[in-house]
Amino acid sequence: MPQFENVNSKVVKAQVRPGQQVASRRGAMLAYVGEVSFYPANASNAGGGMGGMGGGSGLMRMAGRAMAGEHTALMVGDGQGEVYYGYAGMCAEIIHLDGSQPLTAESSRLLAHDLSLNSSVVFLGRGGVRAMAGAAATGEGLFTTQLVGVGEVALLAHGDVFRLEVRPDRPIVVDPQAYVGHVGQVSLNVSLNVSWRNAVGRGSGEAIQLQATGQGTVLVQASEQKF
Amino acid sequence: MTQFRLQGHKVLAVTVEGETFRAVTGAMVAYDGTVSFKHAGSGGGEGLRGAIKRRVTGESLALMECSGHGTVYLAREAADITVVPLAGDTLLVESSSVLAVGPGLRTDVQFTGLRGAASQQGLFTTSVTGNGEVAIVSDGPAVVLEVSPQYPLVVDPDAYVASLGRMTQSFVTDISWRNVVGEGSGEAFSLRFDGTGIVYIQPAER
Numbered sequence: 002m003p004q005f006e007n008v009n010s011k012v013v014k015a016q017v018r019p020g021q022q023v024a025s026r027r028g029a030m031l032a033y034v035g036e037v038s039f040y041p042a043n044a045s046n047a048g049g050g051m052g053g054m055g056g057g058s059g060l061m062r063m064a065g066r067a068m069a070g071e072h073t074a075l076m077v078g079d080g081q082g083e084v085y086y087g088y089a090g091m092c093a094e095i096i097h098l099d100g101s102q103p104l105t106a107e108s109s110r111l112l113a114h115d116l117s118l119n120s121s122v123v124f125l126g127r128g129g130v131r132a133m134a135g136a137a138a139t140g141e142g143l144f145t146t147q148l149v150g151v152g153e154v155a156l157l158a159h160g161d162v163f164r165l166e167v168r169p170d171r172p173i174v175v176d177p178q179a180y181v182g183h184v185g186q187v188s189l190n191v192s193l194n195v196s197w198r199n200a201v202g203r204g205s206g207e208a209i210q211l212q213a214t215g216q217g218t219v220l221v222q223a224s225e226q227k228f
Numbered sequence: 000m001t002q003f004r005l006q007g008h009k010v011l012a013v014t015v016e017g018e019t020f021r022a023v024t025g026a027m028v029a030y031d032g033t034v035s036f037k038h039a040g041s042g043g044g045e046g047l048r049g050a051i052k053r054r055v056t057g058e059s060l061a062l063m064e065c066s067g068h069g070t071v072y073l074a075r076e077a078a079d080i081t082v083v084p085l086a087g088d089t090l091l092v093e094s095s096s097v098l099a100v101g102p103g104l105r106t107d108v109q110f111t112g113l114r115g116a117a118s119q120q121g122l123f124t125t126s127v128t129g130n131g132e133v134a135i136v137s138d139g140p141a142v143v144l145e146v147s148p149q150y151p152l153v154v155d156p157d158a159y160v161a162s163l164g165r166m167t168q169s170f171v172t173d174i175s176w177r178n179v180v181g182e183g184s185g186e187a188f189s190l191r192f193d194g195t196g197i198v199y200i201q202p203a204e205r
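Protein chains in written order, with our numbering: chain A, 2 to 228; chain B, 0 to 205.
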């Protein structure tokens, strides 16, 4: 039985059982059935395993998150029952992770995920100054959240999400505003397609593009509205 | 052969094999292959005369030319998309509802008469003529309504998206003293279509 299930395109129903807690965006609970309690969690202990709070690694991770600005308040649902999650009328897309490939997305896009998934902050700007400038230009930020393990994740998007497969022989290009996240070993590079036309206000509106290469799946939303 | 294919309701996948089609500026969300995007000029590929016409009428339409080999995915603010095939006929559509125009189609500005004056859509609309496909967007799934001589159609101007066929448009007003004192039904102005054709409306009022 799947842990997460779409009630409609915007609401996700999650099964909560002892030993199977669900981490979610704080305040995203719409309703629940059964005996479920919610307690606040910060990103460092949610997903990093229990009891990581006081430990050195937990603290380090907390500091890392604060520095990276990649922080969204989380809560954990614990007990026995079903919880309905939704946020701001946005579409919720469920992604099943089989453990072989990580999911990468902005933390603000995470609606809910299995607490057993390991979450960490990764640095995007590995490509040097140029990549960093690109990340700043797209508003993506230099840091992003990665979830690893076996479990399910619900991501938020404006409009439907469609998946595009990326293979080494088939790179794809995504509008940074429509990019939601990706699964697998995909690297993103910003390509600036700016010419004199942009300077005089005659650009095609597609000046900044994200080039996705590698092996995996890119999630794209049907809108150019950033979160 | 350029092909328009809906991926779900809100994403349009266009396969291009060397041709050029036009889409609204900034509507690309993803693509594969080698595709280039270029501003289609102030007239949206309608030439100098078109550019002047659009400037004067205020029926602005910023288009870009997409050409190359690959698949382009287009979307616009999570709006629902409808693909309308044209076989030599003319589609009248609000410029704000255009998403993509296939190769071989011509766009122009047309005078719509009085209806625009009351519905804040301007006196002019965009016409698309030729053989090919055009993609239009609507707030919510578009409703297709048929008009025949026996069955004229009346629609709310705020819900009107596009129309196709041989029809005459007229303006229906239903203003009484109630509107003056602020007790109107909110449906004081309507659009009436007579003739034979199809009208696309959206389940939302602008």
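Don't be surprised by glycine CBs; every beta carbon is placed ideally from N, CA and C.
Only a predicted model underlies this, so the values are computations on that prediction, with no experimental measurement involved.
Hey, residue i and residue j: beta-carbon distance below 9 Å or not?
i	j	result
ALA12 (chain B)	VAL100 (chain B)	no
LEU98 (chain B)	VAL160 (chain B)	no
LEU8 (chain B)	ASP88 (chain B)	Just to set this straight, residue 8 (chain B) is His in the shown sequence, not Leu. Going by C-beta atoms, HIS8 (chain B) is not nearer than 9 Å to ASP88 (chain B).
ALA24 (chain A)	MET76 (chain A)	yes
VAL122 (chain A)	LEU165 (chain A)	no
ASP79 (chain A)	GLN22 (chain A)	yes
ARG26 (chain A)	ALA106 (chain A)	no
VAL28 (chain B)	ALA93 (chain A)	no
GLY185 (chain A)	VAL162 (chain A)	no
GLY103 (chain B)	THR14 (chain B)	no
Could you check what DSSP says for residue i in three-state terms: helix, strand or coil?
i	result
GLY56 (chain A)	Low confidence applies to GLY56 (chain A): its pLDDT is 34, below 50, so where it sits in the model is not reliable enough to give any reading.
ALA22 (chain B)	strand
GLY150 (chain A)	coil
LYS14 (chain A)	strand
ARG26 (chain A)	strand
LEU47 (chain B)	helix
ARG75 (chain B)	coil
ARG110 (chain A)	helix
SER224 (chain A)	coil
SER120 (chain A)	strand
SER94 (chain B)	helix
THR167 (chain B)	strand
VAL154 (chain B)	strand
ASP1 (chain A)	No statement about residue 1 (chain A) is possible, as the shown extent of chain A runs from 2 to 228 and does not include it.
GLY194 (chain B)	strand
TYR86 (chain A)	strand
ASP99 (chain A)	strand
ASP173 (chain B)	coil
ASP161 (chain A)	coil
GLN4 (chain A)	coil
GLY129 (chain A)	The pLDDT assigned to GLY129 (chain A) is 49, lower than 50, so where the model puts this residue is not dependable, and the model offers no usable value.
GLN149 (chain B)	coil
For residue i, does the count of other Cβ atoms within 10 angstroms reach 16, so buried, or fall short, so exposed?
i	result
GLN2 (chain B)	exposed
ILE213 (chain B)	Shown here, chain B extends from 0 to 205; a query on residue 213 (chain B) therefore has no answer.
PRO169 (chain A)	exposed
HIS38 (chain B)	buried
GLN168 (chain B)	buried
VAL34 (chain A)	exposed
SER224 (chain A)	buried
PHE123 (chain B)	buried
Using the DSSP secondary-structure output, state which residues sit across from residue i in a beta bridge.
i	result
HIS183 (chain A)	A:THR105, A:VAL219
GLU94 (chain A)	A:LEU156
LYS37 (chain B)	B:GLU64
ARG54 (chain B)	DSSP output for ARG54 (chain B) lists no bridge partner at all.
ALA231 (chain A)	Residue coverage of chain A in this structure runs from 2 to 228, which leaves residue 231 (chain A) outside it and unanswerable.
SER38 (chain A)	A:ASP79
THR14 (chain B)	B:GLN2, B:THR70
SER59 (chain B)	Paired residue(s): none; SER59 (chain B) is not in a bridge.
PRO202 (chain B)	Bridge partners of PRO202 (chain B): none, in fact.
ALA141 (chain B)	DSSP lists no partner for ALA141 (chain B).
ASN130 (chain B)	B:ALA86
ASN9 (chain A)	ASN9 (chain A) is not bridged to any residue.
GLN212 (chain A)	A:VAL174, A:ASN190
THR125 (chain B)	B:VAL92, B:VAL108
GLY32 (chain B)	B:GLY69
VAL100 (chain B)	B:ARG21, B:VAL133
Which chain B residues sit within Cβ distance under 7 Å of residue i?
i	result
HIS183 (chain A)	Those within 7 Å of HIS183 (chain A) in chain B number zero; the least Cβ separation is about 12 Å.
GLN186 (chain A)	None at all; the shortest Cβ gap to chain B is about 18 Å.
SER224 (chain A)	ALA74, GLU76, ALA77
ASP176 (chain A)	MET27, VAL28, ALA29
Below 8 Å on C-beta distance, what does residue i contact in chain B?
i	result
GLY20 (chain A)	In chain order: nothing, as chain B lies at least about 36 Å away.
ILE209 (chain A)	By Cβ distance, chain B contributes nothing, its closest Cβ being about 11 Å from ILE209 (chain A), past 8 Å.
ILE173 (chain A)	ALA29, TYR30, ASP31
List the residues of chain A whose Cβ lies closer than 8 Å to the Cβ of residue i, in chain order.
i	result
GLN2 (chain B)	Within 8 Å Cβ-Cβ: nothing; GLN2 (chain B) doesn't reach chain A, min ~17 Å.
GLY7 (chain B)	ASP161, PHE163, ALA223
Quick one: list the residues of chain B neighbouring residue i, beta-carbon separation under 9 Å, in chain order.
i	result
VAL221 (chain A)	VAL10, VAL28, ALA29, TYR72, ALA74
ALA179 (chain A)	MET27, VAL28, ALA29, TYR72, ALA74
| request: Using a Cβ-Cβ cut-off of less than 8 Å, give me the residues of the stretch 144–161 of chain A that come near chain E, in sequence order. | output: Chain labels in this structure do not include chain E; the protein chains are A and B.
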